[in-house]
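The structure appears right after this line, and notes come after that.
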Amino acid sequence: MLSGLRRSMSSTFIGSKQPLTADCAVAQDEECGLWRYLVVDTSGVRPRTDASYGKETKSGMARVKEGTLVDISLRRRAGWTTWLCMREGEGWLHDISPKDHKVRLIEVDLLHVDWQFQVTSQSLPVFPKPSLQFLSKPPLTSMAGESLSHGELISVSQRIRPLNIKGSFLKLADGRGWVPDSLKGHQVLARWQTGSVDSSNACEAEVPQNIPSGHSEMRPQMAQEIEESERIVGSPPEVSERGAWDYIVLDPCGMHLRGSPTYDKTEKLATKLLEGELVKVVERQLGDGTTFLRLDSPSGWAFDVQPTTTKKRQRMVEVVVERGSWFYRASVPGGLALRSRCSCADDAKTGVRHEHGAVLVVNQRVRVGDTLFLRTEDEVSWFMDRKAGKQVVEGPLVMNTHDAGCLVAVRPLQGIHLLSAPTRNRWAITNMVLLKGARVQLLRSIDVEGESWWYVKKPGGMEGWSFDFNFEGVADSQVPGLDEPFHNQASVPVC
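Note that the working numbering gives residue 8 to position 3 of the sequence shown, counting from 1, and the numbers run on in steps of one.
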């Protein structure tokens, strides 16, 4: 039944909580409408008072049990998780756990029907509820009341079809329970319709000889070949798409690549992706309840969702990589540890640390959940904007650049020591000294913690940071803020 699951992720992320309003004036990352979701977590899902995973948002309501169909009126994106507001105002649920990437709910289509089917398998268990776990481990007969036998005709009143998954759950019209239309990849029901059947149809089921009274004009037809209304909301064809997408590995254990788009363990390659690795995907293909992803480098196939009917979890997720130029500053006393990949794991640390106050140039940004990972200008290391919920960097900072003609002169009588970063911390003091009156070029300026800093360069390679009040304008040099010398400011030594 599970031959194609695809989880599309948002390219933007919510950072603040938005209240629900009567006219549904929601933020850009929210959408109003009506959707139906099926709870697939065997432990159920606890509603929350807000779209947040914090303990303070847990409601006193009972868990929504597995197999329950819920109506959703508002969806809010947050990293790999989509928060779902229940239609009757009963709280918020989430489709993928922000904590362990476990799939909790899946979107489905509900259709009220009046159809008849014939059982084509030797026997077919009746489920007490539409449950994915029963597909791999059917319940005991006593749980649902009975099993259906080969050739038996049934009437169906509802169909639940998970989006992007082949197969459906069908509710028996007599109230006995639910049955799947396929089990372990094999069709177990044939659709019956009045009228003739095109004998050229390759999917046509064999006409049984023991047709009960009242059904003499009916003929079987496989469920996927029924009327247009069902095909419109049916499963997508198993086709691949080619392009370029960025994905990141979420699984803490990493994942081995396969030689082909399959979950078969015999296809495992020696190449293993580690948690937090960012990879480029060049082809996506639906199959086996997941989306298979072909990588160009390293070469091989991966998948986004664990392709099993139980213990589903997100293994990889699509992300948006921003490219540009930004400046960030380490803002915690302990400094900032650099990492080899977008991961909080200890084995991702490179051993290099930037001290408190250091300014880093960033050329890539990737948001994973609530954390923003930033790549340094050398394209070797990453760091994150927060750790254990605490902000560890400040930024992006507004860095002003100046023309080559901006010349300034050193004011203090004793000269100044240039600094490696715009900070008063002693670790930033260098051995480079500029004497009074030395002319230097002003390259950049920045305001940090209420103080203005200038980055200057002296011909010959000497360059670094110092306070703006350590300089004064020179003749024939147009420097913003330095039209006049600092006559009313005292010379303040650095540090």
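Idealized CB from N, CA, C, for every residue including glycine. A quick note: this is a predicted structure, and the numbers were derived from the prediction, not measured.
Residue i, buried or exposed, once every other Cβ within 10 Å from all chains shown has been counted against 16
{"i": "residue 254", "result": "buried"}
{"i": "residue 237", "result": "A caution first: residue 237 carries a pLDDT of 34, below 50, which makes its placement in the model unreliable, though a value can still be read off. Classification for residue 237: exposed."}
{"i": "residue 475", "result": "buried"}
{"i": "residue 419", "result": "exposed"}
{"i": "residue 3", "result": "Residue 3 cannot be examined here, being either before or after the span of the chain that is shown, 6 to 500."}
{"i": "residue 185", "result": "buried"}
{"i": "residue 280", "result": "buried"}
{"i": "residue 48", "result": "exposed"}
{"i": "residue 71", "result": "buried"}
{"i": "residue 39", "result": "exposed"}
{"i": "residue 321", "result": "buried"}
{"i": "residue 215", "result": "With a pLDDT of only 38 at residue 215, under 50, the local geometry of the prediction cannot be trusted, and the value read off the model is given with reservation. Exposed, by the Cβ-count rule."}
{"i": "residue 140", "result": "buried"}
{"i": "residue 80", "result": "buried"}
{"i": "residue 222", "result": "A caution first: residue 222 carries a pLDDT of 39, below 50, which makes its placement in the model too unreliable to give a value."}
{"i": "residue 86", "result": "buried"}
{"i": "residue 157", "result": "exposed"}
Chain-order list of residues whose beta-carbon lies under 8 Å from that of residue i (same chain, five-residue window excluded)
{"i": "residue 151", "result": "131 and 181"}
{"i": "residue 366", "result": "330, 331, 332, 381 and 382"}
{"i": "residue 479", "result": "412, 413, 414 and 444"}
Closest by C-alpha distance to residue i, when choosing among the options
{"i": "residue 430", "options": "401, 388, 364 and 386", "result": "364"}
{"i": "residue 296", "options": "168, 308, 268 and 459", "result": "308"}
{"i": "residue 187", "options": "156, 469, 126 and 153", "result": "126"}
{"i": "residue 298", "options": "97, 88, 401 and 323", "result": "323"}
{"i": "residue 89", "options": "160, 273, 110 and 389", "result": "110"}
{"i": "residue 332", "options": "449, 245, 100 and 319", "result": "449"}
{"i": "residue 460", "options": "469, 452, 453 and 454", "result": "469"}
{"i": "residue 301", "options": "289, 294, 312 and 311", "result": "289"}
{"i": "residue 406", "options": "462, 436 and 372", "result": "462"}
{"i": "residue 402", "options": "453, 360, 371 and 353", "result": "453"}
{"i": "residue 373", "options": "83, 393, 425 and 96", "result": "83"}
{"i": "residue 427", "options": "399, 440, 96 and 408", "result": "399"}
{"i": "residue 63", "options": "85, 99 and 477", "result": "99"}
{"i": "residue 60", "options": "119, 159 and 103", "result": "103"}
{"i": "residue 245", "options": "291, 285 and 267", "result": "291"}
Neighbourhood of residue i by C-beta, 6 Å cutoff - its chain only, sequence neighbours within 5 removed
{"i": "residue 92", "result": "76 and 78"}
{"i": "residue 275", "result": "none"}
{"i": "residue 343", "result": "355, 357, 386 and 388"}
{"i": "residue 303", "result": "276"}
{"i": "residue 312", "result": "268, 293, 294 and 295"}
Minimum Cβ-Cβ distance from residue i to chain B less than 7 Å
{"i": "residue 38", "result": "No chain B is present in this structure, which holds just one protein chain."}
Bounding residues of the beta strand (DSSP E) (the contiguous stretch that carries residue i)
{"i": "residue 155", "result": "No beta strand (DSSP E) holds residue 155; DSSP gives it neither H nor E."}
{"i": "residue 333", "result": "326-335"}
{"i": "residue 436", "result": "434-439"}
{"i": "residue 112", "result": "110-124"}
{"i": "residue 88", "result": "86-91"}
{"i": "residue 473", "result": "Neither: residue 473 is in no beta strand (DSSP E) and is coded neither H nor E."}
{"i": "residue 80", "result": "74-83"}
{"i": "residue 349", "result": "No beta strand (DSSP E) contains residue 349, which DSSP labels as neither H nor E."}
{"i": "residue 252", "result": "245-254"}
Cutoff 7 Å; reference residue i; Cβ partners in own chain excluding five residues on either side
{"i": "residue 136", "result": "71 and 72"}
{"i": "residue 284", "result": "252, 278 and 300"}
Can we say the region 399-419 touches the region 441-449, given the rule of at least three CB pairs closer than 8 Å? yes
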